Amino acid sequence: VPSIFTRMTDLARRCDAINLAQGVPDFGPPPELIDAARRAVDGEAHQYPPSAGSSALREAVACHAREVYGIEYDPDEVTITAGATEGLWSSVFALVEPGDEAVVIEPAYELYPACIAAAGATVKYVTTEPPEFRLDLQAVREAVGPKTRLLIVNTPANPSGACLGRSDIKAIGEIAEAAGAVVISDETYEHIYFDRASHVPVAADDLCRTRTVTVSSISKTFSATGWRIGWTLAPRALTERIRNVHQFVVFSATAPLQEAVAEMLQVSIAGDYFDRLRRDYEARRGAIKRALERAGLDPLLPDGAYFALAQVAGDDVDYCYRLIEESRVAALPVSSFFHRPTPERGLVRFAFCKRLETLEEAGDRLSGESAGRIPK
Ligand SMILES: Cc1ncc(COP(=O)(O)O)c(C=O)c1O
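Taken in order, the sequence shown gives residues 1000 to 1375; the numbers are from this note's numbering.
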């Protein structure tokens, strides 16, 4: 079945709508990354790189963890993957067997239940609710049982924007340890957060460090969703299991792009790229707020990631279909991120990884000042 992302994106294209449904930037990567890629393509890296990833990139990823977060990883604990998607997929396949259970916090990125099911395991859901999507740790304890092998968390989270704090992370580590389970922490949006001093990686907690697979990628950090470069960071024994799957899934990520990303990561660690990215996203978050308010909506602004949510009257799926047809703006129904779709929640997700002029035009269309009118 095509995912709701695919269906909304197809309809958006047919209706010539502004696509705020898909979390794809409508701007390019930083010029330094493009330059580095040009140099890499002119260089030597054209044949299979090591399956685990080029040593330059594994070192850069370990350096990033050390310099940005103060977490020590050996490059042998880093595996370069084809985006976070493959990192998640290979990790889940490495860590669960048919009949096992995995705990997922919802609303959840739809990849998690899909790969857990494909690996033959069962998902146990812990539901969080708007507006704060606060994690109920008691509900996590109750979801864990003797068959639990995995807890998947996502911070900052898609679609809720919720960020885990240190006390939640500490509790998750204790719950995982008591269950003998591993934590997979999807930190794809690690550099996009608001109104807080820093992102808190799950592995910053000492107990979690020993039993966590952190997954991230360049998709959001370097606005390069099409490059398909990501990574996992995990203790050696877990890394070995992940690499055993990864070698038979894609063998490796693209060789020259790994070299370019290694360079860009080092430049970013030494310079102010991450701060500039965050400032740009603050401006975009302000622009989506104004756009939704002009349309008479009351947006819930995220603590992290790049999605604003808005409560609408009635069924969120119907609303999104009507929004495309009547206002020519595409958004996503948040009910599709829950295992039991509850369209009556009436919550809609607007991706704001777009140029300011795109967000302004979306505001014009949503408020009826440009062709289109927001559904009542
Ligand atoms: C929470 C989350 N994890 C992972 C991914 C996939 O990332 P990648 O492009 O690195 O495969 C996405 C993409 O939207 C995401 O939202």
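Positions of the beta carbon are idealized from the N, C-alpha and C atoms, including for glycine.
Since this is a predicted model, take the numbers as computed values, not measurements.
- Residue pairing from DSSP places Asn1153 in a beta bridge opposite Asp1185.
- At a threshold of 7 angstroms, Asn1018 does not count as near ligand 1, since its beta carbon sits no closer than that to any of the ligand's heavy atoms.
- Per DSSP, reduced to three states, the secondary structure at Lys1169 is helical.
- For Lys1123, the enclosing beta strand (DSSP E) starts and ends at 1121-1126.
- As computed with DSSP, Trp1230 is found in a beta bridge with Ile1079, Ser1215.
- Under the DSSP assignment, Ile1104 falls in the beta strand (DSSP E) whose first and last residues are 1100-1105.
- Inter-residue distance for Val1214 and Val1152 is about 10 angstroms (C-alpha atoms, whole angstroms).
- Note on Ser1251: 16 or more other CB atoms within 10 angstroms of its CB, so buried under the neighbour-count rule.
- In the DSSP assignment, Asn1243 is bridged to no other residue.
- Under the three-state reduction of DSSP, Ile1033 is assigned to helix.
- For Tyr1068, the secondary structure class from DSSP, reduced to helix, strand or coil, is helix.
- If you ignore the 5 residues before and after Ile1241, its C-beta comes within less than 6 angstroms of the C-beta of Thr1078, Ser1089, Ser1090, Ala1093, Thr1231, all in its own chain and listed in chain order.
- Across the structure, Pro1106 and Ala1161 are spaced so that their CA atoms are roughly 10 angstroms apart.
- A contact between stretches requires three or more CB pairs, one per stretch, nearer than 8 angstroms, and the segment 1302-1309 meets this requirement with the segment 1349-1356.
- Comparing alpha-carbon positions, the option among Ser1053, Gly1345, Glu1031, Ser1326 lying closest to Gln1257 turns out to be Ser1053.
- In this structure Tyr1272 touches Pro1029 by the C-beta definition: roughly 7 angstroms separates them, less than 8 angstroms.
- If you draw a straight line from the Cα of Thr1357 to the Cα of Ala1290, it comes to about 10 angstroms.
- Counting only residues of its own chain and dropping the five nearest sequence neighbours on each side, Ala1223 has a CB closer than 7 angstroms to the CB of Pro1028, Leu1032, Ile1217.
- In the displayed model, Leu1299 falls within a strand according to three-state DSSP.
- Where Leu1346 is concerned, the enclosing beta strand (DSSP E) starts and stops at 1346-1350.
- The set of residues with CB atoms less than 6 angstroms from any heavy atom of ligand 1 reads, in chain order, Gly1022, Gly1082, Ala1083, Thr1084, Tyr1108, Asn1153, Asn1157, Asp1185, Thr1187, Ser1216, Ser1218, Thr1224, Gly1229.
- Between the alpha carbons of Gly1270 and Arg1037 lies a gap of roughly 21 angstroms.
- Bounds of the alpha helix (DSSP H) holding Leu1355 are 1355-1365.
- Taking a C-beta distance under 8 angstroms as the contact criterion, Leu1322 and Ala1312 do not qualify as a contact pair.
- The beta carbon of Glu1071 sits closer than 7 angstroms to those of Arg1065, all from its chain and outside the five residues before and after it, given in chain order.
- Secondary structure note for Gln1310: its beta strand (DSSP E) is the uninterrupted segment 1306-1310.
- Annotation: the continuous alpha helix (DSSP H) that includes Ser1267 extends over 1254-1269.
- Tyr1047 counts as exposed, since fewer than 16 other C-beta atoms from the protein chains shown sit within 10 angstroms of its C-beta.
- The C-beta separation of Arg1210 from Ile1174 comes to about 11 angstroms, leaving the pair out of contact by the 8 angstroms criterion.
- Bridge pairing for Tyr1192: Gly1303 [DSSP].
- Excluding sequence positions up to five before and after Ala1142, its CB lies within less than 8 angstroms of the CB of Val1102, Lys1123, Tyr1124, Val1125, all in the same chain and listed in chain order.
- Per DSSP, the continuous alpha helix (DSSP H) segment holding Ser1326 begins and ends at 1315-1326.
- Under the three-state reduction of DSSP output, Pro1112 falls in the helix class.
- Thr1005 has its alpha-carbon roughly 22 angstroms from the corresponding atom of Ile1228.
- The beta carbon of Val1060 lies closer than 6 angstroms to those of Val1077, Trp1230 in the same chain, with the five residues before and after it left out.
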